[in-house]
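Peer 1: Mind having a look at this structure? Questions to follow.
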Amino acid sequence: MPRAFDRPAGDTGRGHAVGETSPVRPDVSAEDRSRLEAIEAKVDRAERLSFDDGVFLYQTPDLTAVGRLANRVRERLHGNRAFFNVNRHLNPTNICYVECALCAWARKPGQEGGYLMGLQEAVDHAAETWNESVTEFHIVGGLHPTLPFFVAKKGEHGIERVL
Ligand code: SF4
């Protein structure tokens, strides 16, 4: 289960209005700032944003403003609470036959730097990294050209076995 934390007393998390807190950024025009403020007013009225509003928020360089607006909606829906997941990553192999442009981690079969854990090694590694605060094992790896899929079953103290 994710854990919930209350914000410290006095921290409203509300921030300020879009125009108040965002420093005057040279890459955000007065016209765009005014558009952001109009969207902010919609958010405060709990009004559904339009498709064009969404495209505008996607394209604006003012990510801080977008994050602040998103946080207002989050707090309206879920109150003054944040949930955190404490996880451990288990990456059984970095050998992968796919070539995603974003990936600097994967190695081709036979390429230097590639590794492949045995199943027991993966289970042992999970056990080493587990402690009672861990709420999830995030298991992901390269798409190995010959290995089958496997399913890991969580036990009381980490991953119990691999099926
Ligand atoms: S490891 Fe994942 S992200 Fe990297 S190339 Fe393979 S499929 Fe793509």
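Numbering (the working numbering), first residue to last: 1246 to 1408.
Glycine is no exception: its CB is placed at the ideal position from the N, C-alpha and C atoms.
The structure presented is a predicted model; accordingly, all values stated were derived computationally and were not measured.
1. Between the segment 1327 to 1334 and the segment 1370 to 1389, are three or more C-beta pairs nearer than 8 Å?
2. Tell me whether residue 1367, by its Cβ, gets closer than 7 Å to a heavy atom of ligand 2.
3. Determine the burial state of residue 1281: buried for a count of at least 16 other Cβ atoms within 10 Å of its Cβ, exposed for fewer.
4. What residues are listed by DSSP as bridge partners for residue 1334?
5. Applying the criterion that 16 or more other CB atoms from any shown protein chain within 10 Å of the CB defines a buried residue, is residue 1345 buried or exposed?
6. Taking only three categories from DSSP, how would you classify residue 1308?
7. I need the boundaries of the beta strand (DSSP E) containing residue 1351, first residue and last residue.
8. Taking DSSP as the reference, what is the three-state secondary structure of residue 1392?
Peer 2: For this structure:
1. Yes, since at least three Cβ pairs between the segment 1327 to 1334 and the segment 1370 to 1389 fall closer than 8 Å, the two stretches touch.
2. Looking at this structure, you won't find ligand 2 anywhere; what it does contain is ligand 1.
3. Numbered from 1 along the sequence shown, position 36 holds the residue referred to as residue 1281. Classification of residue 1281: buried, given that the 10 Å Cβ count is 16 or more.
4. What you label residue 1334 is simply residue 89 of the sequence shown in a count that begins at 1. In the DSSP output, where bridge partners are listed per residue, residue 1334 has 1383.
5. Reading the sequence shown from its first residue, position 100 is the one you call residue 1345. Taking every protein chain shown into account, the CB of residue 1345 has fewer than 16 other CB atoms within 10 angstroms, so this residue is exposed.
6. What you label residue 1308 is simply residue 63 of the sequence shown in a count that begins at 1. Helix.
7. As a first step, residue 1351 must be located in the sequence shown, where it is residue number 106. Taken as a continuous stretch (DSSP letters only), residue 1351 belongs to no beta strand (DSSP E), as it is neither H nor E.
8. As a first step, residue 1392 is located in the sequence shown; it is residue number 147 there, counting from the start. Secondary structure at residue 1392: coil, using DSSP grouped into helix, strand and coil.
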